[in-house]
Amino acid sequence: GQQLNQSPQSMFIQEGEDVSMNCTSSSIFNTWLWYKQDPGEGPVLLIALYKAGELTSNGRLTAQFGITRKDSFLNISASIPSDVGIYFCAGQQGGGAQKLVFGQGTRLTINP
Amino acid sequence: EAQVTQNPRYLITVTGKKLTVTCSQNMNHEYMSWYRQDPGLGLRQIYYSMNVEVTDKGDVPEGYKVSRKEKRNFPLILESPSPNQTSLYFCASAGRAQSPLHFGNGTRLTVT
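Respectively, the protein sequence lines represent chains U and Y. Just so it is clear: in the first sequence, position 2 is 39 by the working numbering, and no numbers are missing. Just so it is clear: in the second sequence, position 91 is 94 by the working numbering, and no numbers are missing.
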């Protein structure tokens, strides 16, 4: 199947620092999604991006849909302890969720 | 409360002993799917269902079966589990295939 390369795989930061992670692909996607998975729970949608170049914020989170449609990034500003978890990017080509491809995940750990 | 419910949350079994993981959603969603999550590989789709009696293979369907006799339920069946099916499994649903996915809280399966 298709692959999304998500980096970094893990991050260890201090509380209050900003965080940046990204996903790249050799394929073009029509939709980019960012999910967060808390320990012991399923992924929850954070941000959905539907247009190339789109920049969308959700509180301290900002995500962008790359102009080439082959990449996306997620930034978290002023991190807090509840930001701990695994973040997944997902790319979707035409059709719907049956074509959704997930990245490998970025595990975020925050030292208070 | 709108939710996707999986049971059991944890399951330890032996090779070859048939098992079923149940998934139920109370949102009247048309689309449902099963994923497995393995370290370094992200989420990979096993099977999906666009509606009642309509199911199709995802990226890693070998060793699994599903059924969609009712809209709310989408059980995952392992006829003869093997150790390489040890994983964390997630059920997800969406109003339509084009809508964001809602995930259950996961089932951690260990096959010895």
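All C-beta atoms, glycine included, are put in the ideal place defined by N, C-alpha and C. If you're wondering where the values come from, they're calculated on a predicted model, not measured in any experiment.
In the structure shown, what three-state DSSP assignment does residue i receive?
i, result
"U:Q130", "coil"
"Y:D62", "coil"
"U:D108", "strand"
"Y:D41", "strand"
"U:S44", "strand"
"Y:S90", "strand"
"U:Q135", "helix"
"U:S119", "helix"
"Y:N29", "coil"
"U:T68", "strand"
"Y:L22", "strand"
"U:L82", "strand"
"Y:R71", "coil"
"U:A100", "strand"
"Y:R12", "coil"
"U:A89", "coil"
"Y:L104", "coil"
"Y:Q48", "strand"
"Y:T115", "coil"
Report the residue from the options whose alpha carbon sits nearest the alpha carbon of residue i.
i, options, result
"Y:F106", "Y:V17, Y:M35, Y:R99, Y:E4", "Y:M35"
"Y:Q88", "Y:S96, Y:V63, Y:E4, Y:Q101", "Y:V63"
"U:A115", "U:V56, U:N42, U:P80, U:I65", "U:V56"
"U:Q185", "Y:R47, Y:A5, Y:R12, Y:S70", "This structure does not reach residue 185 of chain U, given that chain U is present from 38 up to 149, and the question cannot be answered."
"U:N42", "U:F139, U:V81, U:N148", "U:F139"
"U:R106", "U:E52, U:L145, U:S62", "U:S62"
"Y:L104", "U:L82, U:I147, U:Q101", "U:L82"
"U:K153", "U:I65, U:Q51, U:P76", "Not covered by the structure: residue 153 of chain U. The range shown for chain U is 38 to 149."
"U:Q51", "U:T99, U:P76, U:R144, U:P118", "U:P118"
"U:D75", "U:E54, U:G96, U:V121, U:S94", "U:V121"
"Y:Y50", "Y:T23, Y:S83, Y:E65", "Y:E65"
Using the Cβ count rule (16 or more neighbours within 10 Å means buried), how would you classify residue i?
i, result
"U:I104", "exposed"
"Y:Y38", "buried"
"U:F125", "buried"
"Y:N10", "exposed"
"Y:R71", "buried"
"Y:V7", "buried"
"U:N59", "buried"
"Y:T110", "buried"
"U:F49", "exposed"
"Y:Q101", "exposed"
"U:L86", "buried"
"U:T143", "buried"
"Y:P86", "exposed"
Would residue i pass as an interface residue toward chain Y - the criterion being a Cβ-Cβ separation below 9 Å?
i, result
"U:L145", "no"
"U:V121", "no"
"U:S141", "According to the sequence provided, residue 141 of chain U is Gln. The question's Ser does not apply to it. Closer than 9 Å: yes."
"U:A85", "yes"
"U:G79", "yes"
"U:F125", "yes"
"U:K89", "The sequence shown places Ala at residue 89 of chain U, not Lys. No, U:A89 does not count as interfacial toward chain Y."
"U:A134", "yes"
Could one say the Cβ of residue i lies closer than 9 Å to chain U's Cβ atoms, at least one of them?
i, result
"Y:P103", "yes"
"Y:A95", "yes"
"Y:S90", "no"
"Y:V17", "no"
"Y:S36", "yes"
"Y:V7", "yes"
"Y:M53", "yes"
May I ask you to verify whether the stretch 95–112 of chain U touches the stretch 65–75 of chain U, counting CB pairs closer than 8 Å and requiring at least 3?
With the cut-off at 8 Å, the stretch 95–112 of chain U and the stretch 65–75 of chain U touch.
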